[in-house]
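This report refers to the structure that appears directly beneath it.
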Amino acid sequence: MVIVMAPDAPSDTIDSIVDLVASVGGEAYVTRGVSRTIIGLVGDVERFETLNLRALPGVADILRISTPYKLVSRENTTERSVVQVAGVPIGGDHMTLIAGPCAVETPEQTLEAALMAKRAGAALLRGGAYKPRTSPYAFQGLGETGLKILSDVRAETGLPIVTEVVDASDVELVASYADMLQIGTRNMQNFALLQAVGDAGKPVLLKRGMSSTIEEWLMAAEYIAQRGNLNIVLCERGIRTFEKATRNTLDVSAVAVAQRLSHLPVVVDPSHSGGKRELVLPLSRAAIAVGADGLIVDVHPAPETALCDGPQALTHADLAELAHVVTALPPLVGRTLT
Ligand code: E4P
Ligand code: PEP
1476 MVIVMAPDAP
1486 SDTIDSIVDL
1496 VASVGGEAYV
1506 TRGVSRTIIG
1516 LVGDVERFET
1526 LNLRALPGVA
1536 DILRISTPYK
1546 LVSRENTTER
1556 SVVQVAGVPI
1566 GGDHMTLIAG
1576 PCAVETPEQT
1586 LEAALMAKRA
1596 GAALLRGGAY
1606 KPRTSPYAFQ
1616 GLGETGLKIL
1626 SDVRAETGLP
1636 IVTEVVDASD
1646 VELVASYADM
1656 LQIGTRNMQN
1666 FALLQAVGDA
1676 GKPVLLKRGM
1686 SSTIEEWLMA
1696 AEYIAQRGNL
1706 NIVLCERGIR
1716 TFEKATRNTL
1726 DVSAVAVAQR
1736 LSHLPVVVDP
1746 SHSGGKRELV
1756 LPLSRAAIAV
1766 GADGLIVDVH
1776 PAPETALCDG
1786 PQALTHADLA
1796 ELAHVVTALP
1806 PLVGRTLT
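Those letters in the sequence shown? Residues 1476 to 1813, by the numbering used here.
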C-alpha cells in the first residue's frame, strides 16, 4: 500500500501515520520528494484498512498494490482452475456447454429442453426452480416441485443440474438436489447468500451483477472462497449500459480481464446478455473467440409459451447451429467441447 501525502501535509501527520502503522505490526517507509511525500507500507493490508488513514489530514491518496481478493486472485494461484461439476470439468482445455430452459415449467417441457440441450452438446443442464423476477406478478418458479422435476430429468438424461438459489434459507434444500448452485445477477452482492452457498459444499456459478465492476464481482467470489469453497465459476451475463437494442451489453472484455485477474473459470451467458434469440449464436461465437471456458444458454421446445424469457430461448431449429458453434470453434482457440 502506498500513501501519497498532500504537498502541504503537516509533518506531525506523517509521524503519526508511521506510529499508527507500527501499532498494527506494519512498517512505514517515508520518501520525501521535492513537492510531495509518499509513504510505502509493508505488512497486512487488511489491518492497515482498519486505521482509516484516508480520513487523516494531509492524506491525498492511498494506492493498493495487491488485490483485495486473495483467494480467487491469480497473484497467489497462477494456474487457471478447473472446476468439476459432478464429473464434468469447466476450465482448462475444455469448453463446456450448459443449456436448458430458463425456468422449469412442467416435467415434459423440462425433459424436452434437456434433450435439446444434450443434442446441442451440453454436458450440464440449466433450469430455474426459483426465479428472481422484476414483477411480483410474474412466474416465480415451481420451488421444490421444480427441483424434483430437475432431479427426475437428470436421472433420465444423465445431465447434472445447475440451478439458481435466491435466498439463504433455501440453500440447504436447493443443494440437496443441485449439482451446481447458481447465484444470479440480482444477488451477486447478497453477502449472506454468498456465504451460505460457500458453506454448502457444492460448486457455484456466480453471475456478474448487471451493474457491478469486475472487482466487485471478484470480491463476491471471495466471499464464497472465504468459506472454504473454491469451486466457483464466474459468469459474464451482460451489463446495463445506455444501449437499448439489447437487453444487456455483453462485456466480452470482462472475460479476458477476469481470466487475467482470477484463476477461476469464466463462462458467458449469451441469452441473458442479448435477450433476443437471433443474438445468441453471434454472441456465443464471440464468447468462444475471446476464450470463455463455457456457455450457458436458454433453450425451450416452445418459447412462445415460455413462462420466463421466451424471446431469448433457442428453439429446435437453432440446435444444429448451436452444436456447430460449440464443436467447430473451440479447437481454433485450443479447446475442445467437454
Ligand atoms: C432470469 O431468468 C430472470 O428471472 C429473468 O430474466 C428476469 O426477467 P424479468 O425481469 O422479466 O422478471
Ligand atoms: C438465469 O440464468 O436464470 C438468470 C436469472 O439469469 P441472470 O441472473 O443473469 O438474470
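The beta carbon of each residue, even a glycine, is placed where N, CA and C say it ideally should be.
- Short of 6 Å from the beta carbon of I1565, and not among the five residues preceding or following it, lie these beta carbons of its own chain, in chain order: V1558, T1571, V1708, P1740, D1768 and G1769.
- Judged by DSSP secondary structure, Q1664 falls outside any beta strand (DSSP E); it is assigned neither H nor E.
- For M1685, there is no enclosing alpha helix (DSSP H), as DSSP marks it with neither H nor E.
- For I1763, the uninterrupted alpha helix (DSSP H) segment begins and ends at R1752 to V1765.
- Non-local beta-carbon contacts of P1806 in its own chain, meaning distances under 7 Å to residues more than five positions away in sequence, are absent.
- Taking C-alpha positions only, V1730 is separated from G1575 by approximately 22 Å.
- For G1659, the shortest separation between its Cβ and any heavy atom of the ligand PEP lies below 7 Å.
- For V1640, there is no enclosing alpha helix (DSSP H), as DSSP marks it with neither H nor E.
- Between the segment 1773 to 1788 and the segment 1583 to 1598, the count of C-beta pairs closer than 8 Å reaches three or more; the two stretches touch.
- Look at D1490: its beta carbon is at least 7 Å from all of the heavy atoms in the ligand E4P.
- If you look at Q1657, you'll find it isn't in any alpha helix (DSSP H); it sits in the beta strand (DSSP E) that goes M1655 to I1658.
- At a cut-off of 7 Å, the beta-carbon of C1710 does not count as near the ligand E4P: no heavy atom of the ligand is closer than that.
- For V1730, there is no enclosing beta strand (DSSP E); the enclosing alpha helix (DSSP H) covers residues V1727 to L1736.
- Look at the segment 1562 to 1599 and you find these whole runs of alpha helix (DSSP H), each 4 residues long or longer: 1582 to 1595.
- A residue is called buried once 16 or more other Cβ atoms fall within 10 Å of its Cβ, and T1638 is buried on that count.
- Of all residues, those with a beta-carbon under 7 Å from at least one heavy atom of the ligand E4P are C1577, A1578, G1603, K1606, P1607, R1608, T1609, S1610, A1613, G1659, H1747, C1783 and D1784, reported in chain order.
- Contact between G1673 and I1699 holds, since their C-beta atoms are separated by about 4 Å, short of 8 Å.
- With a threshold of 16 other beta carbon atoms within 10 Å, R1715 falls short and is exposed.
- The ligand PEP never approaches E1587 closely enough for any of its heavy atoms to be under 7 Å from the residue's Cβ.
- Closer than 7 Å to some heavy atom of the ligand PEP: that describes the Cβ of D1744.
- Annotated three-state conformation of M1476 is coil, per DSSP.
- In this structure, K1682 has its CB closer than 7 Å to one or more heavy atoms of the ligand PEP.
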